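Taken in sequence, the protein lines are chains F and Z.
The first sequence maps to residues 1 to 402 in my numbering.
The second sequence maps to residues 1 to 165 in my numbering.
For reference, the structure is listed below as C-alpha cells.
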Amino acid sequence: MNFFLISLIKMGIVTAAFMTTLAYLQWIERKVLAHIQSRLGPYRVGPHGLLQPLADTLKLLMKEGFIPSHVNKFFYLLAPFLAVFFALISICVIPFGPSVEVLGVRTDMGLADLSIGVLFILAISSAGVYGIALAGWASNNKYSLMGGLRSSAQMISYELPMAIALASPLLILNDLSLRTIVNEQAGFYLGVLPRWTIFQMPFPQIFSFVIFLISGFAETNRVPFDLPEAENELVAGFHTEYSSMGFASFFMAEYANMVTVCCMATVLFLGGWHPLFPSTLGSDFVPVLLALAAGAMLLYHGVAQPISGRPWDRLTMPAAGVVFSLVGLVFLVPMLKPFLIPLFWFVSKAGFLMFTFIWVRGTLPRFRYDQLMNFTWKFLFPVAILNLLITAFAVALQEPKS
Amino acid sequence: MDLILFILFATIAVVCGISLVVQKHPIGSALSLIGVMGSLAVLYLLLGAEFIAAVQLIVYAGAIMVLFVFVIMLLNAGEEAPGGKSWPSRLLGVPLLTVFLGLLAYLMQLMAPSMGMVTFGSFNTGAKELGRSLFNNYLLPFEVTSVLVLIAILGAIVLARKEID
Numbered sequence: 001m002n003f004f005l006i007s008l009i010k011m012g013i014v015t016a017a018f019m020t021t022l023a024y025l026q027w028i029e030r031k032v033l034a035h036i037q038s039r040l041g042p043y044r045v046g047p048h049g050l051l052q053p054l055a056d057t058l059k060l061l062m063k064e065g066f067i068p069s070h071v072n073k074f075f076y077l078l079a080p081f082l083a084v085f086f087a088l089i090s091i092c093v094i095p096f097g098p099s100v101e102v103l104g105v106r107t108d109m110g111l112a113d114l115s116i117g118v119l120f121i122l123a124i125s126s127a128g129v130y131g132i133a134l135a136g137w138a139s140n141n142k143y144s145l146m147g148g149l150r151s152s153a154q155m156i157s158y159e160l161p162m163a164i165a166l167a168s169p170l171l172i173l174n175d176l177s178l179r180t181i182v183n184e185q186a187g188f189y190l191g192v193l194p195r196w197t198i199f200q201m202p203f204p205q206i207f208s209f210v211i212f213l214i215s216g217f218a219e220t221n222r223v224p225f226d227l228p229e230a231e232n233e234l235v236a237g238f239h240t241e242y243s244s245m246g247f248a249s250f251f252m253a254e255y256a257n258m259v260t261v262c263c264m265a266t267v268l269f270l271g272g273w274h275p276l277f278p279s280t281l282g283s284d285f286v287p288v289l290l291a292l293a294a295g296a297m298l299l300y301h302g303v304a305q306p307i308s309g310r311p312w313d314r315l316t317m318p319a320a321g322v323v324f325s326l327v328g329l330v331f332l333v334p335m336l337k338p339f340l341i342p343l344f345w346f347v348s349k350a351g352f353l354m355f356t357f358i359w360v361r362g363t364l365p366r367f368r369y370d371q372l373m374n375f376t377w378k379f380l381f382p383v384a385i386l387n388l389l390i391t392a393f394a395v396a397l398q399e400p401k402s
Numbered sequence: 001m002d003l004i005l006f007i008l009f010a011t012i013a014v015v016c017g018i019s020l021v022v023q024k025h026p027i028g029s030a031l032s033l034i035g036v037m038g039s040l041a042v043l044y045l046l047l048g049a050e051f052i053a054a055v056q057l058i059v060y061a062g063a064i065m066v067l068f069v070f071v072i073m074l075l076n077a078g079e080e081a082p083g084g085k086s087w088p089s090r091l092l093g094v095p096l097l098t099v100f101l102g103l104l105a106y107l108m109q110l111m112a113p114s115m116g117m118v119t120f121g122s123f124n125t126g127a128k129e130l131g132r133s134l135f136n137n138y139l140l141p142f143e144v145t146s147v148l149v150l151i152a153i154l155g156a157i158v159l160a161r162k163e164i165d
C-alpha cells in the first residue's frame with residue numbers, strides 16, 4: 001500500500017510540474033522570440049505578462065469545439081487524443097534525480113525505472129506520428145493531408161539517425177535503464193572534467209549528441225524542420241481544421257515532445273543530475289550564486305531604471321528580484337539540499353536545451369523539402385553510422401575481454 | 001492482476017484483428033493492425049520479455065505501420081466497394097472457416113502439452129541475454145537473415161528503378 005501511496009504522490013507532483021512547465025514554456029518561447037526580434041512579447045496579462053498562459057488556456061477552453069462537416073468524425077476526434085497521449089506518457093520513465101529520503105521514506109526521484117527505458121521512449125516517440133498523420137488525413141483537406149504526409153515521411157527518415165545516435169552512448173554505458181545510465185556518468189576525470197557521455201572515454205559522444213539534437217528538432221516538428229505546419233505553404237498544416245481543445249492538444253503535444261527530447265538528451269549525454277564540476281570545488285553554491293546575481297540584476301534594473309507603464313509595473317522587477325534572491329537562499333537549507341541541488345542541475349541542463357530549441361526557432365529559416373530529405377539520408381545517417389562504428393571499435397579495443 | 005491484464009489485452013488483440021478484416025476503409029484496417037501490434041506487445045510484456053515488447057512496438061508500430069499509413073494516405077485509397085460474391089463463397093465460406101478454426105484448435109491442443117506451459121513473467125530475458133545468444137548460438141541464422149533482407153532491399157530497388165534507355 002505504501003508503494004501505491006508514494007507513487008500516487010509522485011504522480012501528482014510530476015503531473016502538476018509537467019503541466020505548468022508546458023504552459024510556461026510557451027510563455028518563455030514567446031518572450032525569448034520577442035526579445036530576439038527586439039519586441040516586448042506578452043506584457044499585459046498580470047505582472048510582466050506572467051499570467052498569459054492562464055489566459056491562453058482559459059481562452060482555448062472556452063472556445064467552441066467546431067467539427068467541420070466534411071471530416072471523418074471518428075478519426076478527426078481520435079487524432080488529437082493520440083497525439084497528446086503519446087506525448088505526455090514518456091515523461092514517466094525520465095529520472096529527475098537520485099534516490100532521496102523525504103520524511104523517512106526512501107524513494108527515487110522519477111516515476112518508474114524500466115529496464116528498457118531508452119527503448120520505451122523510442123517506441124512511444126515513434127508512435128507519436130499517428131496523431132499528426134491521422135489529423136491530416138481525417139481533416140479531408142488538401143493542405144492538412146500534405147502536412148500529415150510530410151510529417152510521417154519526416155518522422156520515418158529522422159527516426160533512423162536518432163536511434164543510431166542513441167545506440168553509441170549505450171555501447172559505452174552498457175545498460176538500457178535510464179537511472180543506471182545516469183549513475184554510470186557519475187564521477188570526474190582528473191578531478192574536474194565530468195564523466196558525462198559527451199566527454200566520456202574511450203570515444204566522446206559529442207557527434208552523436210549533435211545528431212540526436214538535430215533529429216530531435218525534426219521529430220518534434222520544430223523550426224527548421226516544421227514543414228508539416230509550414231504556414232506560408234500549408235495554412236497551418238495538419239491542424240488547420242482544428243479549433244479549441246483539439247488545437248490545444250496538438251500545441252501541448254508539441255511542447256511535451258520538446259520537453260521529452262531535452263530530458264532524454266540530458267539523461268543520455270549530459271549526465272542527468274550530475275554537476276558540471278565536483279562539489280569539493282563548490283558546485284553546490286552555483287544555484288545560490290546564479291539566483292542571487294539574477295536577483296541583484298533585477299533589483300538594479302527595477303530601482304535604477306524604472307519602466308514607464310502602469311504604476312504597478314514598476315514594482316514587478318524589484319519584487320521578482322527579491323523572489324529570486326529568496327529562491328537562491330533556499331538552496332542553502334541543509335534539509336532541502338540533497339534533492340534540490342540534483343534537481344537544479346537536471347533542470348538547468350534540460351532548460352538550456354529548451355532555450356536552444358527556441359533560439360534556433362528565432363534564428364534559422366525553414367528547410368526546403370528536398371533539402372530536408374537529402375540532409376538526413378545523405379549526411380546525418382552516414383555520419384551516425386560512422387560514429388557508431390568508431391564507438392564500437394573504441395569500446396572493443398578498450399575492453400581486453402568481455 | 002496478470003490474468004486480468006492478459007484477458008483484457010488478448011480480447012483487444014482479437015477484436016482489433018476482426019476489425020482489421022471487417023473495416024471498409026484501408027486506414028481503419030491499418031489502425032486496427034496497430035492495435036493488434038500494441039496489445040501483442042503488452043502480452044510479451046506480461047510474459048516478461050520486455051526487450052521483445054519494445055522492439056515489437058518500435059519496428060512494427062513505429063516504422064512499418066507508419067509506412068503503411070503513409071502509402072495509404074499518399075495513394076488516397078478510398079473505401080472498398082462491397083464486391084459481388086459468387087454463390088460458392090457465400091454458401092461455403094462460414095462452414096469452411098469454422099472447420100478450419102476447429103482443426104487448428106485441435107492441433108494446438110494436441111501439441112501444447114509437449115511444448116509445456118508458459119507462466120507469466122517466466123521469460124525474464126533482458127537485452128543482454130538476447131544479444132549474447134543472438135551473437136553466440138544463433139550467429140549463422142542471424143547473418144543469413146540479414147543477407148536475405150539485403151537481397152529484398154536490392155530487389156525492391158531494382159523493381160522500383162525506372163528503366164534507363
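Glycine residues also receive a C-beta, built at the ideal position from the N, C-alpha and C atoms.
Since this is a predicted model, take the numbers as computed values, not measurements.
Quiz item: Expressed to the nearest angstrom, what Euclidean distance is found between the alpha-carbon atoms of F:Leu364 and F:Thr356?
Solution: Within the first sequence, numbered from 1, the residue matching residue 364 of chain F stands at position 364. Within the first sequence, numbered from 1, the residue matching residue 356 of chain F stands at position 356. Each residue's Cα considered, the two are about 12 Å apart.
Self-check item: Interface flag, F:Leu88 vs chain Z, CB-CB below 9 Å
Solution: Along the first sequence, one-based indexing puts residue 88 of chain F at 88. Chain Z contact via Cβ: absent.
Quiz item: For F:Phe367, which of helix, strand or coil comes out of DSSP?
Solution: Walking along the first sequence from the start, residue 367 of chain F turns up at place 367. In the structure shown, F:Phe367 sits in coil (DSSP, three-state: anything other than H, G, I, E or B).
Self-check item: Under 8 Å by beta carbon: chain F residues contacting Z:Met170
Solution: The structure shown does not extend to residue 170 of chain Z, since chain Z is modelled only from 1 through 165, so no value can be given for it.
Quiz item: Between the C-alpha atoms of F:Ser402 and Z:Val22, what's the straight-line distance to the nearest angstrom?
Solution: Counting from 1 along the first sequence, the entry for residue 402 of chain F is found at position 402. Counting from 1 along the second sequence, the entry for residue 22 of chain Z is found at position 22. Summary for F:Ser402: the model assigns pLDDT 48, below 50, so the residue's position carries little reliability; its value from the coordinates is reported in the next sentence. Whole-angstrom Cα-Cα distance: 52 Å.
Quiz item: Within 9 Å (strictly less), CB to CB, does Z:Val66 reach chain F?
Solution: Position 66 of the second sequence, counting from 1, holds the residue named residue 66 of chain Z. Judged by the 9 Å Cβ criterion, Z:Val66 is in contact with chain F.
Quiz item: Is it right to say F:Met335 is buried, meaning 16 or more other beta carbons lie within 10 angstroms of its own, or is it exposed?
Solution: Stepping through the first sequence from its first residue, residue 335 of chain F is reached at position 335. Under this definition F:Met335 is an exposed residue.
Quiz item: What residue does the beta strand (DSSP E) around F:Glu101 start on, and which one ends it?
Solution: Within the first sequence, the letter at position 101 stands for residue 101 of chain F. Segment 95 to 102, the beta strand (DSSP E) holding F:Glu101.
Quiz item: Within 10 angstroms of its Cβ, does F:Glu229 collect 16 or more other Cβ (buried), or is it exposed?
Solution: Taking the first sequence and counting its residues from 1, one reaches residue 229 of chain F at position 229. Burial call: buried.
Quiz item: Would you call the stretch 225 to 239 of chain F and the stretch 120 to 128 of chain F in contact, with 3 or more CB pairs under 8 Å?
Solution: no
Practice problem: Taking only beta-carbon positions, decide if F:Ile156 is within less than 9 Å of chain Z. | Solution: Here residue 156 of chain F is taken as the residue at index 156 of the first sequence, counted from 1. At least one chain Z Cβ lies under 9 Å of F:Ile156.
Exercise. For F:Ile91, return the contacting residues in chain Z, with the cut-off set at a CB-CB distance below 8 Å.
Key: The count along the first sequence starts at 1 and reaches residue 91 of chain F at position 91. Going along chain Z, no residue has its Cβ under 8 Å from F:Ile91, so there is no contact; the nearest lies around 17 Å.
Exercise. Scan the stretch 104 to 119 of chain F for residues whose Cβ lies nearer than 8 Å to a Cβ of chain Z and list them as they occur along the chain.
Key: Leu114, Ser115, Ile116, Leu119
Quiz item: What are the residues of the stretch 30 to 54 of chain Z that lie near chain F, defined by any Cβ-Cβ distance shorter than 9 Å?
Solution: Leu31, Ile34, Gly38, Ala41, Glu50, Phe51, Ala53, Ala54
Quiz item: Which partner residues of F:Leu234 appear in the DSSP bridge assignment?
Solution: Within the first sequence, numbered from 1, the residue matching residue 234 of chain F stands at position 234. DSSP, once it has assigned bridges, lists no residue as partnering F:Leu234.
Self-check item: Neighbourhood of F:Ala349 by C-beta, 7 Å cutoff - its chain only, sequence neighbours within 5 removed
Solution: As a first step, residue 349 of chain F must be located in the first sequence, where it is residue number 349. In the sequence on display, residue 349 of chain F carries Lys and not Ala. The answer, listed in chain order, is Thr266, Leu270.
Self-check item: F:Lys10 Cβ short of 8 Å to the ligand SAH heavy atom set
Solution: Summarising the ligand content, the structure contains no ligands, and the ligand SAH is consequently not present.
Practice problem: Could you list which residues in chain F have their beta carbon closer than 7 Å to that of Z:Val22, in chain order? | Solution: Position 22 of the second sequence, counted from the first residue, corresponds to residue 22 of chain Z. Under the 7 Å cutoff, chain F gives no residues; its nearest Cβ is about 15 Å from Z:Val22.
Exercise. Could you confirm whether any beta carbon from chain Z is found closer than 9 Å to the beta carbon of F:Ser126?
Key: To locate residue 126 of chain F, count along the first sequence from 1; it is residue 126. Yes, F:Ser126 lies at the interface with chain Z (some Cβ there is under 9 Å from its Cβ).
Quiz item: When you compare only the Cα positions, how much space is there between F:Arg179 and Z:Val94?
Solution: Here residue 179 of chain F refers to the residue found at position 179 of the first sequence. Here residue 94 of chain Z refers to the residue found at position 94 of the second sequence. Roughly 53 Å between the two C-alpha positions.
Quiz item: Does Z:Leu57 get closer than 9 Å to chain C when you measure Cβ to Cβ?
Solution: The structure shown contains no chain C; the protein chains it does contain are F and Z.
Exercise. Indicate whether the contact test is met: 3 or more Cβ pairs, each with one atom in the stretch 122 to 131 of chain F and one in the stretch 87 to 100 of chain F, closer than 8 Å.
Key: yes
Quiz item: Taking the alpha-carbon positions, what's the F:Phe81 to F:Ser249 distance?
Solution: Indexing the first sequence from 1 puts residue 81 of chain F at position 81. Indexing the first sequence from 1 puts residue 249 of chain F at position 249. Near 7 Å, if we compare the C-alpha coordinates of F:Ser249 and F:Phe81.
Practice problem: Buried or exposed for Z:Gly155, please, with buried defined as at least 16 other CB atoms from any protein chain shown within 10 angstroms of its CB. | Solution: In the second sequence, residue 155 of chain Z corresponds to position 155, counting from 1. Exposed.
Quiz prompt | Sheet register partners of F:Phe188 (DSSP bridge) | solution = As a working note, residue 188 of chain F is residue 188 in the first sequence. In DSSP, F:Phe188 forms a bridge with F:Pro194.
Exercise. Measuring alpha carbon to alpha carbon, tell me which of F:Thr391, F:Glu254, F:Ala304 ends up nearest F:Ala83.
Key: One-based indexing of the first sequence puts residue 83 of chain F at position 83. Relative to the Cα of F:Ala83, the nearest Cα in the group F:Thr391, F:Glu254, F:Ala304 belongs to F:Glu254.
Practice problem: Can you check DSSP and say which residues form a bridge with F:Asp108? | Solution: Stepping through the first sequence from its first residue, residue 108 of chain F is reached at position 108. In the DSSP output, where bridge partners are listed per residue, F:Asp108 has F:Ser99.
Quiz prompt | CB of F:Ile6 within 9 Å of CB of F:Val105, strictly | solution = In the first sequence, counting from the first residue as 1, residue 6 of chain F sits at position 6. In the first sequence, counting from the first residue as 1, residue 105 of chain F sits at position 105. Yes; because the gap between Cβ atoms is below 9 Å, this pair is in contact.
Exercise. Return the CA-CA distance between F:Ala406 and Z:Pro26, expressed in angstroms with no decimal places.
Key: An answer regarding residue 406 of chain F cannot be provided, because it is not within the stretch 1 to 402 covered by chain F.
Self-check item: Segment contact flag, the stretch 182 to 199 of chain F with the stretch 150 to 163 of chain F, C-beta cutoff 8 Å, min 3 pairs
Solution: no
Self-check item: Contact set between Z:Ala160 and chain F, taken where Cβ atoms lie within less than 8 Å
Solution: Translated into the one-based positions of the second sequence, residue 160 of chain Z becomes position 160. Those do not exist, as Z:Ala160 stays about 15 Å from chain F at its closest Cβ, beyond 8 Å.
Quiz item: Terminal residues of the continuous alpha helix (DSSP H) containing F:Ser168?
Solution: Translated into positions along the first sequence, residue 168 of chain F becomes position 168. Counting along the chain, the alpha helix (DSSP H) containing F:Ser168 begins and ends at 142 to 173.
Quiz prompt | 9 Å Cβ cutoff, Z:Val15 in contact with chain F | solution = In the second sequence, the residue the question calls residue 15 of chain Z occupies position 15. For Z:Val15, no CB of chain F lies under 9 Å from its own CB, so it is not counted at the interface with that chain.
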